[in-house]
Amino acid sequence: MRGRGANACAHLPEAINTSEETAMADKAQTWVYTEDYVAESDALTAARAVASELGAAPVSPGTGAALRMLAAVAGARAVLEVGTGAGVSGLWLLDGMAPDGVLTTIDVESELLGHARRNFAAAGLSSHRTRLIAGRALDVLPRMAARGYDMVVLDGDLDETPQYLDHAVRILRPGGTIAFVHALWHDQVADPARRDARTVVAREVVNYLRESDEFVPALLPVGDGLAVAVKR
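Each residue of the sequence shown is one higher than the one before, counting from 528 in the numbering used here.
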């Protein structure tokens, strides 16, 4: 009996490794399933292709679906987005917003704004539903009305996100939602040993949202991570 038990234990590490590999494969399959759970429209597929050609990394389908759902839950009529790209996230947001809702979106690259405008038009959206602003977000945000927005989406220069957040707190109405895209920053935020500058910034932002008494937060593992917080 003792000999058979010892022999079984000898194979235990191999069994554990196999179990871990299976669990990781299952997790990867689950992630793909959740990302593909909500199908993108033809307009979104076309906008995503444009974004990829331009090197303007768009939000993942799972992230976009989460943003649309958050806008719908809020009944959002006024949403501000930092980081327009080619308009992929904007299309998701507009689909979830109230029919008369207006998306204000800021990007420093006027070429990207032009592509976003065309993608919005191709989706059949009225120009009255979007306000595209060219410029540095830190120059534009101070001009935004206090408590004037139902939702603020932060997807701009990661290094400047802490300053964006300061402005977002001011312009967001009570009960409004902040959404921080790339909150897990290439899966590095969860590892405390990762100390490169951008990982540290992303970690500081998600920690602030978690620890602030002003917000009710959640961290969603969609795309590159989506930190969501509702202002009390």
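Just so you know, even glycine gets a beta-carbon here, dropped at the ideal spot from N, CA and C.
Is residue 587 buried or exposed, if buried means 16 or more other CB atoms sit within 10 Å of its CB?
Along the sequence shown, read from residue 1 onward, the residue named residue 587 stands at position 60. By the Cβ-count criterion, residue 587 is buried, with 16 or more other Cβ atoms from all chains shown falling within 10 Å of its own Cβ.
Straight-line Cα distance separating residue 722 from residue 637
Your numbering for residue 637 matches position 110 in the sequence shown. Your numbering for residue 722 matches position 195 in the sequence shown. Residue 637 and residue 722 have their C-alpha atoms some 33 Å from each other.
Residues sharing a beta bridge with residue 747, DSSP:
Residue 747 sits at position 220 when you count from the first residue of the sequence shown. Looking at the DSSP output, residue 747 shares a beta bridge with 753.
Residue 618 to residue 574, Cα distance in whole Å?
Locating residue 618 in the sequence shown gives position 91, where the first residue counts as 1. Locating residue 574 in the sequence shown gives position 47, where the first residue counts as 1. The straight-line gap from Cα to Cα measures roughly 9 Å.
Measuring alpha carbon to alpha carbon, tell me which residue in 669, 545, 672, 745 is nearest residue 711.
Taking the first residue of the sequence shown as position 1, residue 711 is located at position 184. Ranked by Cα distance from residue 711, the first of 669, 545, 672, 745 is 745.
Counting Cβ pairs closer than 8 Å, one from the region 617 to 633 and one from the region 744 to 758, do we hit at least three?
Because the criterion of three Cβ pairs below 8 Å is not met, the region 617 to 633 and the region 744 to 758 do not touch.
I'd like the span of the beta strand (DSSP E) that includes residue 719, first residue to last.
By 1-based counting over the sequence shown, the position of residue 719 is 192. No beta strand (DSSP E) holds residue 719; DSSP gives it neither H nor E.
From residue 741 to residue 545, what distance separates their C-alpha atoms?
Numbered from 1 along the sequence shown, position 214 holds the residue referred to as residue 741. Numbered from 1 along the sequence shown, position 18 holds the residue referred to as residue 545. If I take the Cα positions, the gap works out to 45 Å.
CB-CB under 6 Å to residue 730, same chain, minus the five flanking residues each way: which ones, in chain order?
As a first step, residue 730 is located in the sequence shown; it is residue number 203 there, counting from the start. 716, listed in sequence order.
Residue 738 by DSSP, collapsed to three states: which one?
For the purposes of this step, residue 738 is identified with residue 211 of the sequence shown, where counting begins at 1. Of the three classes helix, strand and coil, the one that applies to residue 738 here is helix, per DSSP.
Residues near residue 709 in its chain [Cβ-Cβ closer than 6 Å; skip 5 each side]:
If you number the sequence shown from 1, residue 709 lands on position 182. Around residue 709, the same chain offers 751 as residues with beta carbons nearer than 6 Å, after the five sequence neighbours per side are excluded.
Please list the terminal residues of the continuous beta strand (DSSP E) segment that includes residue 700.
Within the sequence shown, the letter at position 173 stands for residue 700. Residues 699 to 708.
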